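Before any comments, here is the structure.
In the UniProt record's numbering, the protein residues as written are 1 to 121.
Here's what the structure looks like:
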């Protein structure tokens with residue numbers, strides 16, 4: 001789910017079989033994933049997430065995270081180390097693989113493993 005909803009219908013290509021746009025296909029793949037998926041801007045503020053992410057953190061609408069940073073939630077502490085790791089990802093494009101951290105979600109501490117990769121334009 002994106003913070004600013006895009007209501008444009010899928011594009012149809014010429015020929016016998018209609019084909020959905022790449023954007024609609026990608027949106028559906030993200031929503032169907034069992035993994036928690038999110039994306040942020042360079043200021044570390046959330047731009048969107050999938051339903052699995054919302055469910056894991058006990059949220060119902062993507063608007064609950066839009067424009068907010070981790071420190072604005074009870075479930076993430078945003079330690080100095082975590083901020084440095086995420087800044088390296090966002091500024092230098094250094095991917096994060098199997099980064100272990102603890103978060104507070106749905107009333108309990110949980111250990112999670114994070115994999116993050118920059119999406120370049």
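The beta carbon of each residue, even a glycine, is placed where N, CA and C say it ideally should be.
Source: prediction; values computed, not measured.
Where residue 103 falls, given that 16 or more other Cβ within 10 Å makes a residue buried:
By the neighbour-count criterion, in which 16 or more other beta carbons inside 10 Å mark a residue as buried, residue 103 falls on the buried side.
Any 3 or more C-beta pairs closer than 8 Å across the stretch 67-86 and the stretch 26-36:
With the cut-off at 8 Å, the stretch 67-86 and the stretch 26-36 do not touch.
Below 8 Å CB to CB, which residues in the same chain sit around residue 44 once its five sequence neighbours on both sides are set aside?
69, 70, 83, 86, 87 and 90, listed in sequence order.
Extent of the continuous beta strand (DSSP E) to which residue 125 belongs
Here the chain covers residues 1 to 121 and nothing more, so residue 125 does not appear.
Using the Cα positions of residue 105 and residue 47, report the straight-line distance between them to the nearest angstrom.
Each residue's CA atom was taken as its position, placing residue 105 and residue 47 some 20 Å apart.
Helix, strand or coil for residue 63, going by three-state DSSP, please let me know.
Collapsing the DSSP output to three states places residue 63 in a helix.
Run through DSSP, which three-state label would residue 115 get?
Note: residue 115 maps to strand in three-state DSSP.
At which residues does the beta strand (DSSP E) containing residue 48 begin and terminate?
Counting along the chain, the unbroken beta strand (DSSP E) around residue 48 starts and ends at 46-49.
In the structure shown, what three-state DSSP assignment does residue 105 receive?
Reduced to three states, the DSSP call for residue 105 is strand.
Kindly indicate the opening and closing residues of the alpha helix (DSSP H) around residue 92.
Secondary structure note for residue 92: its alpha helix (DSSP H) is the uninterrupted segment 80-92.
Let's see if you can read the secondary structure: which residues bound the alpha helix (DSSP H) around residue 22?
Under the DSSP assignment, residue 22 falls in the alpha helix (DSSP H) whose first and last residues are 22-32.
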